[in-house]
Structures are given as C-alpha cells and as structure tokens.
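*Asks:*
Number of protein chains: 4
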Amino acid sequence: MFETHLTVVGRIVTDLRRRIVNNQELISFRVASNSRRRNGEGTWEPGNSLFITVNCWGKLVTGVGAALYKGAPVIVVGDIFTSEYEDKDGLRRSSLEMRATAVGPDLSRAIVRIEQPQPKPAEPPAQGPDVEEPAEAHEDEEPADLALSA
Amino acid sequence: MFETHLTVVGRIVTDLRRRIVNNQELISFRVASNSRRRNGEGTWEPGNSLFITVNCWGKLVTGVGAALYKGAPVIVVGDIFTSEYEDKDGLRRSSLEMRATAVGPDLSRAIVRIEQPQPKPAEPPAQGPDVEEPAEAHEDEEPADLALSA
Amino acid sequence: MFETHLTVVGRIVTDLRRRIVNNQELISFRVASNSRRRNGEGTWEPGNSLFITVNCWGKLVTGVGAALYKGAPVIVVGDIFTSEYEDKDGLRRSSLEMRATAVGPDLSRAIVRIEQPQPKPAEPPAQGPDVEEPAEAHEDEEPADLALSA
Amino acid sequence: MFETHLTVVGRIVTDLRRRIVNNQELISFRVASNSRRRNGEGTWEPGNSLFITVNCWGKLVTGVGAALYKGAPVIVVGDIFTSEYEDKDGLRRSSLEMRATAVGPDLSRAIVRIEQPQPKPAEPPAQGPDVEEPAEAHEDEEPADLALSA
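Chains F, H, A and S, in that order, give the protein sequences.
Residues 1 to 150 in the working numbering are what the first sequence lists, from first letter to last.
Residues 151 to 300 in the working numbering are what the second sequence lists, from first letter to last.
Residues 301 to 450 in the working numbering are what the third sequence lists, from first letter to last.
Residues 451 to 600 in the working numbering are what the fourth sequence lists, from first letter to last.
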C-alpha cells in the first residue's frame with residue numbers, strides 16, 4: 001500500500017549520531033514530543049508522550065549536522081515504520097523510526113539565522129519560488145474573516 | 151468535529167507581511183509546494199502545485215520575523231481552513247489558509263544556525279528534554295534492519 | 301519536492317459526480333469539515349470550516365460509488381493541490397483538490413456493514429494481514445498506563 | 451506542546467478486544483501497514499511495515515464493534531503516543547498506540563453499505579451538511595487542468 005507519513009513537533013533528546021551505512025552518511029537522533037490537553041475546566045494538563053528515532057540521509061545530512069544538537073526544538077517530517085531488532089540480551093524489541101524528508105528548528109521556540117541556502121547555484125533564494133503562482137490577486141485583498149481566525 | 155491538520159514542505163513565494171489584528175501581532179506569507187512523481191519508466195516528472203497562506207501568531211512572530219524571507223525553504227505545520235472573502239471587484243473568492251503551530255527552515259535546503267533558544271529562562275536547551283525518557287536502552291543497540299531502510 | 305498529504309474528517313456536501321476523464325472513471329464530490337475549539341472557559345465554540353473537492357480514481361471508484369452519498373460522514377486521505385481554472389465568466393479561480401488514496405465512512409457517525417472485501421481472489425480478508433507481525437507478544441500484556449489515556 | 455496526529459491506511463491483524471476501562475467501553479486492535487516503493491527501474495518493491503495499537507472510545511465503540519473484524523482494510527485517524535509497560539517477564543517494553551478520532555473501512559479494498567447514520571435525530575444525512583457552503587459556484591465549472599491530475 002502506502003507509506004505512512006508523520007510530522008512530529010518536539011525536542012531532540014539524544015546526541016546526534018553520525019555514521020556510514022551502506023556507503024551513505026546517516027545522522028540519527030531521538031525526538032520526544034509531549035502533549036497537553038485542555039480539560040473540562042479550561043485548564044491545561046499534561047498528556048501523553050511520543051518517542052521516535054529520526055534517520056536523516058542524503059541532502060539532510062549537511063544541514064542537520066550543522067545546526068542541530070541535543071535539546072534543540074525541532075519539526076521532523078517523514079515516513080515512519082516499525083523497526084524490529086534484538087537487544088544485547090537477545091530479546092526481540094521494536095521501536096518507531098522515521099526516514100526524514102524534511103527537518104527544521106521550530107521558530108516558535110528558537111531564534112535562527114539562515115546562513116546559506118543550499119544548494120547555491122541552482123536555487124537563488126531571492127527570486128526563486130519553485131513554481132510560478134498564477135496571476136490571481138491574493139495579496140492586495142484583505143480576507144474578510146481574518147480577524148475571526150485570530 | 152475536528153481541526154484539519156496539515157504539513158507543507160515548500161518555499162515562501164511572497165514577502166512577509168507584518169501587521170496588528172485584534173491587538174495581536176500577525177505575520178503572514180504564501181507558501182508554494184510543487185510535487186514530482188516517478189512515472190512508469192522510473193523517471194521523475196513534475197506534478198501538481200499547492201499554494202497556501204500561512205498565518206503566524208503569538209510565539210511564532212519573533213522567530214519567523216527574524217529568520218524567514220521570500221524564497222526561503224520552509225516546513226509549515228498547522229490547522230487549515232477555507233477563507234471566504236470578497237475581492238476588490240466584489241467577487242466572492244476563497245483561499246486556503248493555515249493557522250501555523252510550528253514553522254522552520256528546511257535543513258535539506260538551507261544551512262542554518264540556532265542563535266538562541268526561546269524563551270531562555272524556562273527551557274535551557276542543553277539539558278532540557280521536555281520529558282524524561284524511560285530507562286529502556288535504545289541507543290546501544292543497532293536495529294538489525296536499518297540498512298534496509300537506506 | 302514532495303506530495304502534500306492530507307486527511308479530512310467531514311461530510312459529503314454535494315451529490316457524487318461520475319464521469320470519464322482520459323479514458324478513466326472518476327468520481328468526485330465536495331467534503332466540508334468544520335472545527336470547534338474549547339475556549340478559556342472550557343466550553344466548545346465553532347471554529348473554521350474547510351472545503352475540498354475529492355477525486356476518486358481507479359480502485360476507489362467501485363467502493364465509493366456503491367457506498368457514499370450526499371450527507372455521508374467520511375474520512376478522505378490523499379494528496380492535495382491547488383486547481384486553477386477559469387469560471388464561466390472567464391475569471392481565474394482556484395480551488396483545493398485532493399487525489400484520494402483511501403476513503404471510508406466514519407464509524408463514529410455511521411453504522412456500516414462490510415459486504416464484500418475487494419478484490420476477492422488476491423486478498424482473503426479472514427486470514428490475510430498484509431504482513432506477518434513478528435512473534436513478539438503484544439496482546440497478552442496489559443499496558444500499564446492504558447487507563448491514563450482514557 | 452501538541453498532540454501528534456497520524457493517519458494509517460492498513461489492515462486489522464488481530465481480533466477486536468472489547469472491555470471496560472475506567473467505566474468506559476474500549477475496543478482495541480492492532481493495525482499493520484506495509485509500504486512499497488517504485489525503484490529506479492520503475493517497478494514496485496516492498497518497503498517497511500508499521501504496526502500500531504488502535505484504541506476506540508466513546509462514539510467509535512458502536513460503529514467499530516458492528517463493522518470491523520480481523521483482516522478488514524481500514525483507515526484509522528487519531529493522536530499517537532508511546533505506551534510504556536512491563537511485559538509478563540518484568541521487562542520494560544514500549545509500543546506505539548493511537549487514541550482514534552475517526553475509523554472507517556477503506557473503500558478501495560471493500561464493498562460497504564451504510565445501514566444507518568448515527569445519531570439519527572440530530573443529523574439527517576440526506577440534507578445535512580455540517581456547514582453551509584457559501585454561494586460560490588464550484589460544481590458547474592470544469593477545472594481546466596483536471597485531466598493533468600489523472
């Protein structure tokens with residue numbers, strides 16, 4: 001069938017681990033996300049937590065290695081799967097893993113500076129949207145109900 | 151029923167627009183994401199495009215305003231809705247909008263430096279996961295099938 | 301880059317429209333989802349609404365055509381894009397569209413009977429999980445914190 | 451922070467388990483989803499698998515109990531978390547769990563009949579969208595690029 005897609009907003013809770021697997025560079029780390037919910041009285045209370053191992057390959061390796069560290073607030077996006085393995089005592093264990101497609105620091109919890117777009121030659125950031133937006137006017141009109149969404 | 155959640159990986163295609171709505175600061179911008187698909191011959195071909203207006207409130211305003219610009223590669227996460235409005239000619243129009251909950255530059259397409267976690271006092275990043283992970287060993291064991299996911 | 305994936309839980313608000321496009325059968329319909337949010341006093345209030353046109357191709361046509369109708373509560377899963385077109389007055393308009401990968405009635409709002417799995421020969425439902433689950437015991441152990449997630 | 455939302459399209463691989471927890475009815479089952487990917491030659495090959503325990507509370511109990519069984523093709527939507535527990539040998543284990551918000555049979559893999567909308571009095575299905583769609587014409591116009599999305 002299909003890949004299962006997931007986005008997690010959380011925090012890196014391990015050091016980054018960098019190694020070579022099948023002749024490709026891999027950076028992996030664990031992310032934790034804890035939730036809170038508003039109860040019947042309108043106050044917030046802590047909810048469940050999610051832990052996931054995030055694997056970064058290919059284009060992600062340089063940017064992730066340069067920017068992230070244990071404790072960093074992150075957004076991770078990718079396809080998830082159950083990894084089955086034997087622990088050091090020979091016991092069957094499973095863990096939730098992600099093959100990341102996009103990773104970034106969360107700007108609601110960090111001040112960040114983009115030092116360099118990547119790759120440079122092919123994608124000049126100042127004028128370079130991936131696609132041309134059609135010539136329909138969007139920006140000069142004030143959506144009437146914008147205030148409602150505040 | 152429920153909020154509809156969406157993650158978009160794309161590029162900012164307008165200047166950031168900063169203003170005050172209902173006594174709250176708002177930064178909004180448009181994001182475009184274009185897809186490609188592998189056809190029957192195994193080669194990639196361009197697919198459809200998605201355009202969305204992203205609204206950043208509250209904690210996101212400072213981080214987004216400090217880091218992002220037209221052309222930046224981004225991940226945006228939030229709840230989406232259809233905004234109905236009249237354009238300047240009095241015509242009913244609709245557009246897809248997001249109330250963002252997390253936004254970040256995409257490290258597969260940018261080199262980024264985290265200058266300062268935010269807020270400082272409450273969340274020291276060096277030692278501060280949001281939650282304690284249970285004392286189950288994850289890191290010292292090599293998942294057997296990791297190579298398969300390369 | 302990538303397809304943008306979305307799940308909408310809502311209700312069909314148009315009749316189903318069935319036609320042939322490029323020699324393939326297509327069923328399309330509109331789905332609306334409205335949200336509510338719990339405010340500071342703990343009471344629910346109406347939120348924003350989302351409208352989307354859902355396109356069902358291939359394997360989905362038979363099952364969707366047999367089961368669904370205007371008013372049915374549904375889950376729709378697929379890849380989304382912005383469709384640009386000219387209306388009958390020659391005005392440029394855009395709408396949010398989904399190419400569905402999975403569609404089903406929502407069992408929290410409907411009583412449903414599965415009459416026949418599809419396709420029959422290749423996928424006998426009674427004994428047929430898509431994959432073998434490893435021989436790790438899951439079902440005989442009571443998760444300790446299950447009550448917490450109630 | 452936030453709940454982590456997930457949609458899984460897969461198949462039920464255990465019997466449904468029905469019981470009372472904290473004076474509330476609960477139905478739980480395991481879902482497996484396996485992926486395939488198109489390789490460089492354009493052919494499909496099997497990918498990773500995901501296993502998740504799905505917990506259905508409240509409004510979902512009646513509809514799920516009436517329709518689903520081991521082997522059924524399903525869509526499950528909800529919030530996920532890591533459940534930590536001790537197995538019968540006293541070992542710490544973890545599993546991925548979902549608190550479902552919407553569940554349905556997948557119409558790309560099953561023929562289904564909706565016997566009864568639920569609840570009856572409040573939500574007549576024939577005329578009952580959750581929300582009124584604005585009076586903008588959507589259906590009479592043929593999106594110009596619809597053929598492209600086939």
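By construction, the Cβ of each residue, glycine as well, lies at the ideal position given by its N, Cα and C atoms.
Computed from a prediction, not measured in an experiment: that's the story for all the values here.
#1: Counting only Cβ-Cβ distances shorter than 8 angstroms, please list the residues of the stretch 181-199 of chain H near chain A, keeping chain order.
#2: Determine the burial state of K420 (chain A): buried for a count of at least 16 other Cβ atoms within 10 Å of its Cβ, exposed for fewer.
#3: So, for R488 (chain S): in the same chain, excluding its five sequence neighbours on each side, which residues have a beta-carbon less than 6 angstroms away from its beta-carbon?
#4: Alpha helix (DSSP H) containing L510 (chain S): first to last residue?
#5: Could you tell me whether any Cβ in chain S is nearer than 8 angstroms to the Cβ of F81 (chain F)?
#6: Assign R319 (chain A) to buried or exposed, taking buried as 16 or more other Cβ atoms, counted over all protein chains shown, within 10 Å of its Cβ.
#7: If I'm right that S178 (chain H) touches R167 (chain H) with Cβ under 8 angstroms, what's the distance once you round it to whole angstroms?
#8: Going by alpha carbons, who is nearest to L107 (chain F) out of H:V171, H:R249, H:R259 and H:C206?
#9: Mind checking the stretch 243-254 of chain H against chain A and listing, in chain order, the residues whose C-beta falls within less than 9 angstroms of any C-beta there?
#10: So, for V511 (chain S): in the same chain, excluding its five sequence neighbours on each side, which residues have a beta-carbon less than 7 angstroms away from its beta-carbon?
#11: Which residues does DSSP pair with T157 (chain H) in a beta bridge?
#12: With DSSP as the reference, please indicate the residues paired to E97 (chain F) in a beta bridge.
#13: Using only the alpha-carbon positions, how far apart do R92 (chain F) and K538 (chain S) sit?
#14: Residues in the same chain with beta-carbon distance under 7 angstroms from P346 (chain A), minus the five sequence neighbours each way, listed in chain order, please.
#15: For L476 (chain S), name the three-state secondary structure that DSSP assigns.
#16: Which residue from S:M548, S:G515, S:L546 and S:E491 puts its Cα closest to that of P555 (chain S)?
#17: By a C-beta neighbour count over all protein chains shown, 10 Å radius and 16 as the cutoff for buried, is N22 (chain F) buried or exposed?
#18: Against chain S, with Cβ distances strictly below 8 angstroms, would P275 (chain H) count as a contact?
#19: Does the beta carbon of E3 (chain F) sit closer than 8 angstroms to a beta carbon anywhere in chain S?
#20: I'd like to know whether the C-beta atoms of I564 (chain S) and A372 (chain A) end up nearer to each other than 8 angstroms.
#21: How should F452 (chain S) be labelled, buried or exposed, when 16 other C-beta atoms within 10 angstroms of its C-beta is the threshold for buried?
#22: Considering Cα atoms alone, identify which of A:A400, A:A410 and A:V309 is closest to L518 (chain S).
#23: F501 (chain S) versus chain F: which residues are under 8 angstroms apart at the beta carbon?
#24: Between the C-alpha atoms of V76 (chain F) and V553 (chain S), what's the straight-line distance to the nearest angstrom?
#25: In the structure shown, what three-state DSSP assignment does E191 (chain H) receive?
#26: Hey, quick one: how far does the beta strand (DSSP E) through V21 (chain F) stretch, first residue to last?
#27: Here's a check: name, in chain order, each residue in its chain whose Cβ is nearer than 6 angstroms to the Cβ of D15 (chain F), leaving out the five neighbours to either side.
#28: Exposed or buried, which one is G540 (chain S) when buried takes at least 16 other CB atoms within 10 Å?
#29: What does G363 (chain A) touch in chain S if you count any residue whose Cβ is under 9 angstroms from its own?
#30: Can you grab the Cα-Cα spacing for the pair V412 (chain A) / V262 (chain H), in whole Å?
#31: Starting from A560 (chain S), trace the beta strand (DSSP E) in both directions and tell me its first and last residue.
#32: Who are the near neighbours of S499 (chain S) in its chain, counting only those whose CB is closer than 8 angstroms to its CB and skipping five residues on each side?
#33: Below 8 angstroms on C-beta distance, what does L541 (chain S) contact in chain F?
#34: Judging by CA-CA distance, which residue of A:P417, A:H305 and A:V354 is the nearest neighbour of V374 (chain A)?
#35: Quick check on DSSP: helix, strand or coil for G554 (chain S)?
*Replies:* Taking the coordinates as given:
#1: S183, N184, S185, R186, R187, G197, N198 and S199
#2: Translated into the one-based positions of the third sequence, residue 420 (chain A) becomes position 120. Low confidence applies to K420 (chain A): its pLDDT is 45, below 50, so where it sits in the model is not reliable, and the reading given next is rough at best. Classification of K420 (chain A): exposed, given that the 10 Å Cβ count is below 16.
#3: To locate residue 488 (chain S), count along the fourth sequence from 1; it is residue 38. Result list for R488 (chain S): W494, in chain order.
#4: Within the fourth sequence, residue 510 (chain S) is the residue found at index 60, counting from 1. First-last of the alpha helix (DSSP H) with L510 (chain S): L510 to A517.
#5: As a working note, residue 81 (chain F) is residue 81 in the first sequence. It does; some Cβ of chain S falls within 8 angstroms.
#6: As a first step, residue 319 (chain A) must be located in the third sequence, where it is residue number 19. Exposed, by the Cβ-count rule.
#7: Against the second sequence, residue 178 (chain H) aligns to sequence position 28. Against the second sequence, residue 167 (chain H) aligns to sequence position 17. S178 (chain H) to R167 (chain H), Cβ: 5 angstroms. Contact.
#8: Looking up residue 107 (chain F) in the first sequence gives position 107. The option with the nearest alpha carbon to L107 (chain F) is H:C206.
#9: R243, S244, S245, L246, E247 and R249
#10: Position 61 of the fourth sequence, counted from the start, is the residue given in the question as residue 511 (chain S). Counting only Cβ-Cβ distances below 7 angstroms, and skipping sequence neighbours, we find E475 and I477.
#11: Locating residue 157 (chain H) in the second sequence gives position 7, counting from the first residue. Paired residues: H:V227.
#12: By one-based count along the first sequence, residue 97 (chain F) stands at place 97. Paired residue(s): F:T53 and F:F81.
#13: Position 92 of the first sequence holds residue 92 (chain F). Position 88 of the fourth sequence holds residue 538 (chain S). Those two C-alpha atoms are separated by around 14 angstroms.
#14: As a working note, residue 346 (chain A) is residue 46 in the third sequence. These residues qualify, in order along the chain: N334 and R336.
#15: For the purposes of this step, residue 476 (chain S) is identified with residue 26 of the fourth sequence, where counting begins at 1. It is a strand residue.
#16: One-based indexing of the fourth sequence puts residue 555 (chain S) at position 105. Of the listed residues, the one whose Cα sits closest to P555 (chain S) is S:G515.
#17: Residue 22 (chain F) sits at position 22 when you count from the first residue of the first sequence. Label assigned to N22 (chain F): exposed.
#18: Locating residue 275 (chain H) in the second sequence gives position 125, where the first residue counts as 1. For P275 (chain H), the predicted model reports a pLDDT of 37, less than 50, meaning its position is unreliable; a value from the coordinates is still stated below. No, because no Cβ of chain S sits closer than 8 angstroms to the Cβ of P275 (chain H).
#19: Counting from one through the first sequence, the residue named residue 3 (chain F) turns up at place 3. It does: the Cβ of E3 (chain F) has a partner Cβ on chain S nearer than 8 angstroms.
#20: In the fourth sequence, residue 564 (chain S) corresponds to position 114, counting from 1. In the third sequence, residue 372 (chain A) corresponds to position 72, counting from 1. A contact, by the Cβ cut-off of 8 angstroms.
#21: Locating residue 452 (chain S) in the fourth sequence gives position 2, where the first residue counts as 1. So F452 (chain S) counts as buried.
#22: The residue you call residue 518 (chain S) lines up with position 68 of the fourth sequence. Considering only alpha carbons, the answer is A:A410.
#23: Here residue 501 (chain S) is taken as the residue at index 51 of the fourth sequence, counted from 1. Under the 8 angstroms cutoff, chain F gives T82 and S94.
#24: Numbered from 1 along the first sequence, position 76 holds the residue referred to as residue 76 (chain F). Numbered from 1 along the fourth sequence, position 103 holds the residue referred to as residue 553 (chain S). For V76 (chain F) and V553 (chain S), the distance between alpha carbons rounds to 25 angstroms.
#25: Translated into positions along the second sequence, residue 191 (chain H) becomes position 41. Reduced to three states, the DSSP call for E191 (chain H) is coil.
#26: As a working note, residue 21 (chain F) is residue 21 in the first sequence. R17 to V21 is the extent of the beta strand (DSSP E) around V21 (chain F).
#27: As a first step, residue 15 (chain F) is located in the first sequence; it is residue number 15 there, counting from the start. These residues qualify, in order along the chain: K70.
#28: Mapped onto the fourth sequence, residue 540 (chain S) falls at position 90. Classification for G540 (chain S): exposed.
#29: What you label residue 363 (chain A) is simply residue 63 of the third sequence in a count that begins at 1. The contacting residues are P555, D556, L557, S558, R559, A560, I561 and V562.
#30: If you number the third sequence from 1, residue 412 (chain A) lands on position 112. If you number the second sequence from 1, residue 262 (chain H) lands on position 112. Spanning the two alpha carbons is a distance of roughly 51 angstroms.
#31: Residue mapping note: residue 560 (chain S) aligns to position 110 of the fourth sequence, counting from 1. Here the beta strand (DSSP E) through A560 (chain S) covers A560 to P567.
#32: As a first step, residue 499 (chain S) is located in the fourth sequence; it is residue number 49 there, counting from the start. Answer for S499 (chain S): A482, S483, N484 and S485, listed in chain order.
#33: Numbered from its first residue, the fourth sequence carries residue 541 (chain S) at position 91. Within 8 angstroms Cβ-Cβ: L91.
#34: Within the third sequence, residue 374 (chain A) is the residue found at index 74, counting from 1. For V374 (chain A), the nearest C-alpha among the options comes from A:V354.
#35: Position 104 of the fourth sequence, counted from the start, is the residue given in the question as residue 554 (chain S). Strand at G554 (chain S).
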